[in-house]
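Residue numbers for the sequence shown follow this note's numbering, beginning at 27 and rising by one. All C-beta atoms in this analysis are idealised placements derived from N, C-alpha and C, irrespective of residue type, glycine included.
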Amino acid sequence: RSRRVQPLSEPKLDEMIQLLDLSRGARVLDIACGKGELLIRLAERHATSGVGVDISPYCIADLRALATSRAPGAELELLTMNAADYRGTPGSFDLACCLGASWTFGGHEATLQARAAFVRPGGQVLVGEPFWRHVPEPAYLEWAGMRREEFGTHAGNVQAGASIGLVPLYALAGSEDDFDRYEALQWRAADRYARAHSDDPN
27 RSRRVQPLSE PKLDEMIQLL DLSRGARVLD IACGKGELLI RLAERHATSG VGVDISPYCI
87 ADLRALATSR APGAELELLT MNAADYRGTP GSFDLACCLG ASWTFGGHEA TLQARAAFVR
147 PGGQVLVGEP FWRHVPEPAY LEWAGMRREE FGTHAGNVQA GASIGLVPLY ALAGSEDDFD
207 RYEALQWRAA DRYARAHSDD PN
């Protein structure tokens with residue numbers, strides 16, 4: 027089976043956060059931050075401040091609640107808007123992130139370039155990008171409504187950063203188990219929501 031998403035397990039996420047080597051109080055930008063688990067864990071571990079941007083008011087609301095309960099002292103600016111429209115100060119962050127939303131900027135390399143513009147000299151860019159584990163079969167592409175060219179390989183994703191002058195520091199890939207847990211937990215969450223909100227037309 028081909029995969030177009032590679033979510034991470036909690037141990038892999040925590041290892042990645044530890045390897046970022048951020049100083050206390052570092053400033054972080056997370057574009058298309060979703061419910062902000064990365065922002066919250068960074069604030070818990072490194073006392074970071076920063077900006078989270080997501081188009082979903084529901085995700086931002088959940089992120090505010092998480093920040094209140096888990097990182098009450100964190101200085102986080104949370105913005106509900108299209109991530110592509112964010113206009114922050116270039117070179118003002120220690121870390122700029124975009125995990126799994128490169129379509130917002132027109133692809134992986136464009137996402138890397140957009141994030142790199144926001145970090146100071148010596149800052150870090152963290153981007154999560156899907157990749158093909160093997161060449162997808164035509165039947166899968168037709169079923170998924172996708173094109174082979176939409177994603178490359180894991181090695182190609184790393185090379186995309188190097189090609190624009192970034193220095194690769196660390197790369198990891200999700201496993202089949204990570205993916206299966208991610209998908210199955212989404213089914214569970216959708217079912218629980220539907221049972222609790224039977225009047226929701228969606």
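Nearest-angstrom beta carbon gap, residue j and residue i [assumed within contact, 8 Å]
i, j, result
"Glu183", "His223", "According to the sequence shown, residue 183 is Asn rather than Glu. Between His223 and Asn183 the Cβ distance is about 37 Å, and since that is not below 8 Å, they are no contact."
"Ala109", "Ala58", "5 Å"
Residue from the options with nearest C-alpha to residue i
i, options, result
"Ala216", "Asp206, Phe205 and Asn228", "Asn228"
"Ile81", "Ala87, Thr106, Leu102 and Ala97", "Thr106"
"Arg159", "Ser201, Leu48, Arg221 and Ala52", "Ser201"
"Ala143", "Ser75, Ile190 and Arg90", "Ile190"
"Pro156", "Pro164, Arg141, Cys124 and Gly149", "Cys124"
"Glu101", "Leu152, Ile43, Arg53 and Lys38", "Arg53"
"Arg96", "Gly114, Arg67, Thr130 and Ala87", "Arg67"
"Leu93", "Ala109, Thr74, Asp111 and Ala110", "Here residue 93 is Ala; the residue named in the question, Leu, does not match the sequence. When only C-alpha atoms are compared, the closest one is Thr74."
"Arg146", "Asp111, Leu48 and Glu176", "Leu48"
"Met172", "Glu163, Asp111 and Gly149", "Glu163"
"Ala91", "Ala109, Gly60 and Leu192", "Gly60"
"Pro98", "Val79, Pro116 and Ala69", "Ala69"
Residue i versus residue j: straight-line alpha-carbon distance, rounded
i, j, result
"Asp120", "Asp225", "44 Å"
Three-state secondary structure (DSSP) of residue i
i, result
"Ile43", "helix"
"Gly191", "coil"
"Leu80", "In the sequence under discussion, the amino acid at residue 80 is Asp, which differs from the Leu named in the question. Looking at Asp80 - three-state DSSP - the assignment turns out to be strand."
"Ser128", "helix"
"Ala140", "helix"
Environment of residue i [buried if 16+ CB atoms lie within 10 Å]
i, result
"Arg141", "buried"
"Val161", "exposed"
"Pro37", "exposed"
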